[in-house]
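Counting along the sequence shown from 1, when you hit position 139 you're at 139 in the UniProt record's numbering, and nothing is skipped either side.
Quick reminder that beta carbons are idealized off the backbone N, C-alpha and C, glycines included.
Here's the structure, in structure tokens; my notes come after.
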Amino acid sequence: MLIVKIVFTCLLIGLGSAVLQSRSRQIFSCDDVLNKQIALEFNASQTYLSLSVKESWKEELGHAEKLIDYGVMRGAKVEVPALMKPDHSKWGEMSVCEVLELSLELEKKVNEHLHEIVKCANESKDIQLGSMIEDEFIDEQYETNKFLAELLTKIERNTMQLLQNGTQVSICDGYGLTLVDKELLKSN
């Protein structure tokens, strides 16, 4: 079933900016912010795929699909965006901390825009949209951001090294990273 969903989503992506719309168009005033969120979710999915973070790739793809389904059900003019290839020319040179910082920044953008959807829903008195975003996305997004921030802090603290001039810097590598990795493995 997942493969069918992925193939269908890929077909939609291949259509460029195809427009999906319900036959029973309802009053829906937040088309633009919903479409931007769909684009952000697809972008996050594409970024995670190119970073080989399969679990996050599937999760973000699922978010985009959920938003598309909701928009079509509500009668929004859903536009599936054309995706740009992520610039990953320097990803092979990035440390674990830099990859986590990139992921955290990406998730912060997604979170900020989720709040824009809630704002639009409140302004247009669309209780259903605001409720759906809060129930389905906001708490999960908070937990994701919190997890990434705490993981980044933990890795930085565990990989501190003292330089010759007396300052401490995190190298985001070595035995401290191995300890954090083992701890994560135990918790899963």
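*asked:* Distance check for Ala121 and Gly176, CA to CA, integer angstroms please.
replied: 45 Å
*Closer than 8 Å: is that where the CB of Asn165 sits relative to any heavy atom of the ligand FMN?*
The ligand FMN is not part of the structure shown, which contains no ligands of any sort.
*Apply the 10 Å Cβ neighbour rule to Thr167 and answer buried if 16 or more other Cβ atoms are within range, or exposed otherwise.*
exposed
*With 16 other Cβ atoms within 10 Å as the buried cut-off, status of Arg74*: Buried.
_Alpha carbons only, please: which of Lys66, Val96 and Glu143 is nearest the one belonging to Lys108?_
Glu143
*May I ask which residues mark the beginning and end of the alpha helix (DSSP H) holding Val80?*
Element bounds for Val80: n/a, residue is neither H nor E.
_Looking at Tyr70: is its Cβ nearer than 9 Å to the Cβ of Met132?_
yes
*Validate contact between the segment 36 to 45 and the segment 72 to 86 using beta carbons, cut 8 Å, 3 pairs*: By the criterion of at least three beta-carbon pairs nearer than 8 Å, the segment 36 to 45 is in contact with the segment 72 to 86.
*Looking at the unbroken alpha helix (DSSP H) that takes in Leu49, where does it start and where does it end?*
Asp31 to Ser50
*Under the DSSP definition of a beta bridge, which residues are partnered with Met160?*
DSSP lists Ser170 as the bridge partner or partners of Met160.
*What number of angstroms, rounded off, separates the C-alpha of Lys54 from the C-alpha of Lys36?*
Per the coordinates, the alpha-carbon of Lys54 lies some 23 Å from the alpha-carbon of Lys36.
*Rounded to a whole number of angstroms, what is the C-alpha to C-alpha distance between Asp181 and Glu79?*
Those two C-alpha atoms are separated by around 40 Å.
*asked:* In whole angstroms, give me the CA-to-CA distance for Thr178 and Ser124.
replied: 50 Å
*Give the range of the alpha helix (DSSP H) segment to which Asp181 is assigned.*
Tyr175 to Ser187
_Own chain partners of Leu102 with C-beta closer than 6 Å, once the 5 adjacent residues on each side are dropped_ = none
*asked:* Quick check on the burial criterion: 16 or more other C-beta atoms within 10 angstroms. Buried or exposed for Val169?
replied: exposed
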